[in-house]
Amino acid sequence: MQQVKGVVARAKGQPVTVETINIPDPGPGEAVVKVQACGVCHTDLHYREGGINDDFPFLLGHEAAGVVESLGEGVTDLAVGDFVVLNWRAVCGSCRACKRGEPWYCFATHNATQKMTLADGTELSPALGIGSFAEKTLVAAGQCTRVDPTARAAAVGLLGCGVMAGLGAAINTGNVTRGKSVAVIGCGGVGMAAIAGSVLAGASTIVAVDIDDAKLEWATRMGATATVNSTQADPVEAIQAATDGHGADVVIDAVGRPETWKQAFYARDLAGTVVLVGVPTPDMKIPEIPLIDVFGRGGALKSSWYGDCLPSRDFPMLVDLYQQGRLDLDAFVTEEIALDEVEAAFTKMHEGSVLRSVVVFS
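Residue numbers (UniProt numbering): 1 to 362.
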């Protein structure tokens, strides 16, 4: 066992603190990773606010890249010293989805068996099974995906959650291909990544929708061909106007509210696709829509969980595209911060003044 510093949320709504964390030696199928960088994601704030569950205290952080420091028994596809991006979907290889050749839908993903603890032995709940606002963390070996070791950790670590969710919502779930039209509702980190994914896939028209003009400016820099401030114009009408009156082939809801989902439903073309990647709260309901409209418009209504990604397939490919200059992951890194600045980063997130603050370890 070793001790490191990590960011802990002890109680609902309370400011996070930097505390001493006990990291067990890796057991069978586990790995200890020395974290180099970890993005501050809205999901971490959800944990702090009790919006995920009430299993306090939480060890926050989950968008991370680092170097494998030690391995437990039975791990054969990693080596000490490997540069890895962490993921929260270590696939099992034996469930129904894995056996039918769709491991990105794995129904039995897993995390490390052992628990990290506070110095007094109190067990910690790691955010998304990772807990990487820490100098080191313990994960299941399957949560480590080896990528190009020369890549910038602060950028590629963001594939661990939000950026992958948005890229995957466009490329994997929405099946955006060359020449298709896309609309993205909500231009936070996930929505911005959906725009980047649509550009990467060759979309001809990309309409960005938000209520914040600054975010719409970011969206334009990311590759959006048209923008809509939905406080000033009806987004459905604006998306239709930007697509020759038809509606977009793919509409991605990166907000996850009933009203934005309904906008996405009506802003798509006939036989178009709606992708829900924004995370709703448990009390939200699908808005009332005439069933004849569901039938008459055809197409597909999909949800995208982690961008329907398979880390072993997608992470190395996307890092290679980043290294080639074809995917600008650096654009998502607004600032690099220290471990004790996470609470301030949550405030900036609320203000909408950052895409991602990234904790960088020396």
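Where a beta carbon is used, it is the ideal one built from N, C-alpha and C, also for glycine.
This one's a predicted model, so the numbers in the text were calculated from it and none came from an experiment.
Residue i (DSSP reduced to helix, strand or coil)
i, result
"I252", "strand"
"T126", "At residue 126 the sequence reads Pro, which differs from the Thr that was named. Looking at P126 - three-state DSSP - the assignment turns out to be strand."
"D234", "coil"
"C106", "coil"
"V147", "coil"
"N172", "helix"
"Q263", "helix"
"V115", "Correcting the residue type first, residue 115 is Lys in the shown sequence and not Val. Three-state DSSP puts K115 in coil, outside helix and strand."
"residue 396", "Since the first and last residues shown for the chain are 1 and 362, residue 396 lies out of range."
"Q36", "strand"
"K5", "strand"
"D330", "helix"
"S70", "strand"
"S357", "strand"
"T17", "strand"
"A64", "strand"
Cβ separation of residue i and residue j, assumed to be a contact under 8 Å, to the nearest whole Å
i, j, result
"residue 369", "V279", "With the chain covering 1 to 362 only, the question about residue 369 has no answer from this structure."
"P126", "G72", "Not a contact, Cβ separation roughly 16 Å."
"L329", "V163", "7 Å"
"I211", "M116", "Between M116 and I211 the Cβ distance is about 39 Å, and since that is not below 8 Å, they are no contact."
Other residues of its chain near residue i: CB distance less than 8 Å, five sequence neighbours each side excluded
i, result
"I206", "S181, V182, A183, V184, I195, S198, V199, G223, A224, T225, A226"
"W88", "H62, T109, N111, L128, G129, I130, Q143, G160, C161, Y306"
"K302", "T173, G174, T273, V274, V275, L276"
Close beta carbons around residue i, own chain, < 6 Å, minus the five adjacent residues each side
i, result
"G50", "K12"
"K215", "C187"
"G168", "G307, D308, C309"
"T273", "G174, V250, G299, A300"
"T150", "none"
"P235", "V209, V228, Q263"
Limits of the unbroken alpha helix (DSSP H) element including residue i
i, result
"L45", "42 to 48"
"V199", "189 to 201"
"A141", "Segment: none, A141 is in no alpha helix (DSSP H) and carries neither H nor E."
"A153", "153 to 156"
"F346", "342 to 351"
Cβ neighbours of residue i in the same chain (closer than 7 Å, five flanking residues each side left out)
i, result
"S357", "V40, T334, E335, I337, A345, K348"
Extent of the continuous beta strand (DSSP E) to which residue i belongs
i, result
"D210", "205 to 210"
Problem - Three-pair Cβ contact test at 8 Å for the region 28 to 41 versus the region 153 to 167 - result: yes
Problem - Touch test, the region 278 to 288 against the region 311 to 326, Cβ-Cβ under 8 Å, three pairs minimum - result: no
Problem - Three-pair Cβ contact test at 8 Å for the region 103 to 116 versus the region 129 to 141 - result: yes
Problem - Three-pair Cβ contact test at 8 Å for the region 62 to 72 versus the region 41 to 48 - result: yes
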